[in-house]
Amino acid sequence: MLRDLYQDWTNRMTADPNLSIANLRSMFDEWGQAALEPENVTYRSDRIGGVEALWALPIGADASRVIVYTHGGGFAVGSADSHRKMAGHLAKALGVTAAILHYRRAPENPFPAQIEDAVAAYKALLAKGQEPGKITTAGDSAGGNLAIASVLKMRDLGLPLPGSVIAYSPWLDMALRGATLEANAATDALVGRPILEGMVGMFLGGSTSPLDPLANLLENHFDGFPPLYINAGSAETLLSDSENLAAKAKAQGVKVTLSVVPDMQHVFPALAGRAPEADEELARIAAWYKAL
């Protein structure tokens, strides 16, 4: 189903290369179709540190533990609504609550607005008495970038860091140097060099280098970084980003788990509740989280 959904988006973008940003956002909000509704999860709207957010609240969850979830979509599309089921499944699997951020998007708000919003929400949670060690930052694709970048920014600001980080198929290299961009071009139904080049332009706004360490996380260092779980599908073009991040962070002393699932597409946990591969991955993440 996920491959078919992605292929449909690709076909529509190919047929009309001048799709407006409003139409692209409307199309990518279909991302929520892939997951089944997580049972026994309620939702509540909120503003956290001035950032619009949607809480996913599994019944019986440990309210002292929070995921700060940043959605994917190339920093420009996707929303808290499109990703609420995906984040709800993750929160339920971990037995915690999740705040899904509707951060400011490019091109209206280029880098570093998205990181600023994630850090503002984190600061607000700390101000309310949330223990940093009981916070997890998580996200998918561009949101996986933000889940990592926001922690690096927190470190630079001298803030206490969250206890863990989870990244689904993170897009990390704005210079687009990954070997799988070419090697997996025929198997990835959505993400190719042309769409990434367009997203880079919107995100960086023409004024930030694609090698800026806070935008391109492969140019960063990870000293003192929390335990990190990364997953990706073997069929996706961004697989190299996950592999390169895992290798670099591990070499710098970070506790890293990398899960690459055969034949899966970009952000395959979007199929939570519908596909065994996604549900099995959630079970692995839950086991990792509970062993921290």
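Sequential numbering of the sequence shown, starting at 23, is according to the working numbering. Where a beta carbon is used, it is the ideal one built from N, C-alpha and C, also for glycine. All values derive from a computational prediction rather than experimental measurement.
Q | Beta-carbon separation (whole angstroms), Ile122 vs Tyr144, contact threshold 8 Å | A | So it is not a contact: roughly 14 Å between Cβ atoms.
Q | Residues of its chain near Val173, where Cβ-Cβ distance is below 8 Å and the 5 sequence neighbours each way are ignored | A | Thr159, Leu183, Pro184, Val187, Phe247 and Pro248
Q.
Quick check: Met196 and Asn238, are their CB atoms within less than 7 Å of each other?
A. yes
Q. Does the pairing of the region 127-135 with the region 75-92 give three or more beta-carbon distances under 8 Å?
A. no
Q: Look at the Cβ atom of Thr279, then the Cβ atom of Trp310, and state whether they are nearer than 7 Å.
A: yes
**Q.** Sheet register partners of Arg69 (DSSP bridge)
**A.** Glu74
(Q) Alpha carbons only, please: which of Asn206, Tyr65 and Leu41 is nearest the one belonging to Asp263? (A) Asn206
Q) From Ala169 to His105, what does the alpha carbon distance come to, in whole angstroms? A) 14 Å
Q) Are there three or more Cβ pairs, one per stretch, closer than 8 Å when the region 47-61 is compared with the region 285-299? A) yes
Q. Distance, Cα to Cα, Ala164 vs Asp139?
A. 14 Å
Q: For the alpha helix (DSSP H) containing Asn45, list its first residue and its last residue.
A: Ile43 to Phe50
Q) Among residues of its own chain, excluding the 5 on either side of Gln152, which ones have a beta-carbon nearer than 7 Å to its beta-carbon? A) Val88
Q: Please check the pair Gly72 and Ala128, which I expect to be a contact at CB under 8 Å, by giving their CB distance rounded to whole angstroms.
A: Contact doesn't hold; Cβ gap of about 18 Å is too wide.
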